[in-house]
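Let me begin by presenting the structure, written as structure tokens, before commenting on it.
There are 2 protein chains.
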Amino acid sequence: MSARTSPDSSRDIPEATVARLPIYLRALTTLSEQGTSTCSSEELAVAAGVNSAKLRKDLSYLGSYGTRGVGYDVEYLRYQIAREIGVTQDWPVVIVGIGNLGQALANYSGFRSRGFRVVALLDADPARRDEVVAGIEVQAFDNLEQIVKDHDVAIGVIATPAVAAQDVADRMVACGVTSILNFAPIVLSVPEQVDVRKVDLSIELQILAYHEQRKAATA
Amino acid sequence: MSARTSPDSSRDIPEATVARLPIYLRALTTLSEQGTSTCSSEELAVAAGVNSAKLRKDLSYLGSYGTRGVGYDVEYLRYQIAREIGVTQDWPVVIVGIGNLGQALANYSGFRSRGFRVVALLDADPARRDEVVAGIEVQAFDNLEQIVKDHDVAIGVIATPAVAAQDVADRMVACGVTSILNFAPIVLSVPEQVDVRKVDLSIELQILAYHEQRKAATA
DNA sequence: AGGAGTTTGTGAACGGGAGAACAAAACGAG
DNA sequence: CTCGTTTTGTTCTCCCGTTCACAAACTCCT
Chain A
219 MSARTSPDSS
229 RDIPEATVAR
239 LPIYLRALTT
249 LSEQGTSTCS
259 SEELAVAAGV
269 NSAKLRKDLS
279 YLGSYGTRGV
289 GYDVEYLRYQ
299 IAREIGVTQD
309 WPVVIVGIGN
319 LGQALANYSG
329 FRSRGFRVVA
339 LLDADPARRD
349 EVVAGIEVQA
359 FDNLEQIVKD
369 HDVAIGVIAT
379 PAVAAQDVAD
389 RMVACGVTSI
399 LNFAPIVLSV
409 PEQVDVRKVD
419 LSIELQILAY
429 HEQRKAATA
Chain B
219 MSARTSPDSS
229 RDIPEATVAR
239 LPIYLRALTT
249 LSEQGTSTCS
259 SEELAVAAGV
269 NSAKLRKDLS
279 YLGSYGTRGV
289 GYDVEYLRYQ
299 IAREIGVTQD
309 WPVVIVGIGN
319 LGQALANYSG
329 FRSRGFRVVA
339 LLDADPARRD
349 EVVAGIEVQA
359 FDNLEQIVKD
369 HDVAIGVIAT
379 PAVAAQDVAD
389 RMVACGVTSI
399 LNFAPIVLSV
409 PEQVDVRKVD
419 LSIELQILAY
429 HEQRKAATA
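Keeping their order, the protein sequence lines are chains A and B.
Numbering follows the working numbering, in which position 114 of the first sequence is assigned residue number 332; successive positions increment by one, without gaps.
Numbering follows the working numbering, in which position 164 of the second sequence is assigned residue number 382; successive positions increment by one, without gaps.
In structure tokens form, the structure reads like this:
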């Protein structure tokens, strides 16, 4: 076997590819758990729900980790993708807003298994204080600065109502958080160097409704 | 004022535009609540977090609902977008899997206010049976067929663990559900005419982690 | 009425991603 | 060793989406 090439480490991976890498990672983990040690791009593509040509092109941005005529070593590729995304590291995360959604997030095992460690749950409501969710005590929102500093937190999750979200984001940014996952239905304004990703439950349903309406119209 | 033109109703709106319409709708609702009766494409674009040229092009797919030199009537445009998406209708929805996430979804007020009506909460676990969440009694999953039939449900939400999700999807499809919002971390396989949208909490965090890692590397 | 100032709607250029198609590389059989 | 088979990595082409830029259209002021 020839040396596996890995491109210049300062390469830039297309955003569309970055968004798919976690899907491949999950598919590889599933394959691994099923005892599969090798897979072709076609098999992996089916498991990930994408076209095999697209999968191969995506993987080619990371390097040349397959073997022609054989396929990919599941464990090896899984590790390479995990390293590329950064989930081999430990990512301390703060969750603000411990309503139904915040609790669901705190309990979600998919975080911990991918290197994300919830270091604190914060809520502005004193009534929620001292509740224990997912084994973590709910603290006052004002502890944010201290916690971010102590644990070197770079990623914050906002699960508050819409009215509170911008304030929370401002406080997060002010104390050094540079990536925010926002579940509040509002467009956050943050400095350019801060990454924000938004998950909006009702928007997804509305997109489905649009297509559903069209189906009904043409039926 | 000249007649507002609306293009052929069998037009096809680009998918990227469809995904943004709910954002515009929300921004318009906020503007309306603030007492704004008219707005320019620039104002609305800022509120929605997009480029104004893109906003105008998106709206142009729906019709010509603005007035040059003036802008858009907030209420009028809001209604037009709502009608286009289909949220002026009533959409009965079934939620399967009433764990933390399912409860959060059942309690989410953003659904009801946009025409989505949760007609049933279903869970396979008998221990959860007869619990009342968001004023709705949790029923046996086996009631799915009856409920879909009785309420003419077209949209189903899956909030179960990954292992159960494909079975739930199959049952939904079998009894006539044609749109599925999937929160389970798995790629569902469904017939072509069924729409599936996936929301994956940990994937969003992983995308943030990737960019965070790159920031750290170049800092 | 006419001209200056605004803002929409859209044509055109541009960039990025998707998919087809194929050459290069590895393996196995004989 | 050589040939046929398999599968990757990559090139090329096409299409969708974004952005620019401007003509058309409307208002307001004189």
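By construction, the Cβ of each residue, glycine as well, lies at the ideal position given by its N, Cα and C atoms.
Check your understanding: Between A/V336 and A/I313, is the Cβ-Cβ spacing less than 8 angstroms?
Key -> yes
Review point. Are the C-beta of B/D341 and some C-beta of chain A separated by less than 8 angstroms?
Key: no
Exercise for review: Report the rounded CA-to-CA distance for A/A377 versus A/L280, giving the unit in angstroms.
Suggested key: 33 angstroms
Check your understanding: When you compare each of B/V292, B/A342, B/P232, B/R296 to B/C257 by their alpha carbons, which one comes out closest?
Key -> B/V292
Point to revise | B/I365 to A/V414 span [Cα, whole Å] | key: 39 angstroms
Practice item. Check distances from the C-beta atoms of the region 263-283 of chain B to those of chain A and list, in chain order, the residues that come in under 8 angstroms. Key: A265, A266, G267
Review point. Which same chain residues, not among the five before or five after B/V371, have their C-beta less than 6 angstroms away from its C-beta?
Key: P310, V312
Exercise for review: Using only alpha-carbon positions, find the residue among B/N361, B/G374, B/K275, B/A300 that is nearest to B/A324.
Suggested key: B/G374
Review point. Closest by CA to B/G333, which one among A/T254, A/L426, A/A300, A/A265?
Key: A/L426
Point to revise | Cβ distance (whole Å) where B/A383 is taken to contact B/N400 below 8 angstroms | key: 7 angstroms
Check your understanding: Around the Cβ of A/P240, are there at least 16 other Cβ atoms within 10 angstroms (buried) or fewer (exposed)?
Key -> buried
Practice item. With a 10 Å radius around its C-beta and 16 neighbouring C-beta atoms as the bar for buried, classify B/S331 as buried or exposed. Key: exposed
**Study point:** A/V351, buried or exposed, once every other Cβ within 10 Å from all chains shown has been counted against 16
**Key:** buried
Check your understanding: When you compare only the Cα positions, how much space is there between A/K272 and B/T436?
Key -> 28 angstroms
Review point. Any idea which residues DSSP pairs B/G284 with across the strands?
Key: B/Y290
**Study point:** Own chain partners of A/K416 with C-beta closer than 6 angstroms, once the 5 adjacent residues on each side are dropped
**Key:** N400
Practice item. Just the C-alpha distance for A/G267 and B/G253, rounded to the nearest angstrom, thanks. Key: 46 angstroms
Check your understanding: Tell me, which residues are paired with A/Q307 by DSSP?
Key -> DSSP, once it has assigned bridges, lists no residue as partnering A/Q307.
**Study point:** Close beta carbons around B/V395, own chain, < 8 angstroms, minus the five adjacent residues each side
**Key:** V312, V366, V371, A372, I373, G374, V412
Exercise for review: Classify A/E355 as buried or exposed, calling it buried when 16 or more other Cβ atoms lie within 10 Å of its own Cβ.
Suggested key: exposed
Review point. Mind checking whether A/A265 and A/L249 have CB atoms under 8 angstroms apart?
Key: yes
Check your understanding: For B/N414, which residues does DSSP report across the bridge?
Key -> The sequence shown places Val at residue 414 of chain B, not Asn. Looking at the DSSP assignment, B/V414 forms a beta bridge with B/I398.
Check your understanding: For B/A234, is the classification buried or exposed, using 16 other Cβ atoms within 10 angstroms of its Cβ as the cut-off for buried?
Key -> exposed
Check your understanding: Quick one, which of B/T247, B/P379, B/S282, B/Q424 has its alpha-carbon nearest A/R238's?
Key -> B/Q424
**Study point:** Within 8 angstroms of chain A by C-beta, residues of the region 343-371 of chain B in sequence order
**Key:** none
**Study point:** B/I231 (DSSP reduced to helix, strand or coil)
**Key:** coil
Point to revise | Interface residues of chain B facing A/Y326 [CB-CB closer than 9 angstroms] | key: N318, L319, L419, S420
Practice item. Take A/Q298 as the anchor and find which of A/L246, A/N269, A/L339 has the nearest alpha-carbon. Key: A/L246
Exercise for review: Check distances from the C-beta atoms of the region 384-398 of chain B to those of chain A and list, in chain order, the residues that come in under 9 angstroms.
Suggested key: T396, S397, I398
Exercise for review: Spell out whether any CB of chain A is found under 8 angstroms from the CB atom of B/V408.
Suggested key: no
**Study point:** Reduced DSSP secondary structure (H/G/I, E/B, other) of A/A352
**Key:** coil
Point to revise | Among A/I421, A/D341, A/Q357, A/A345, the one whose alpha carbon lies nearest that of A/D385 | key: A/D341
**Study point:** Residue nearest to B/S327 in terms of C-alpha spacing, selected from A/P403, A/E410, A/P409
**Key:** A/P403
Check your understanding: Excluding sequence positions up to five away, which residues of its chain have a Cβ less than 6 angstroms from the Cβ of A/G284?
Key -> Y290
Check your understanding: Is DSSP giving B/T436 helix, strand or coil here?
Key -> helix
Check your understanding: Would you call B/R229 buried or exposed, if buried means 16 or more other Cβ atoms sit within 10 Å of its Cβ?
Key -> exposed
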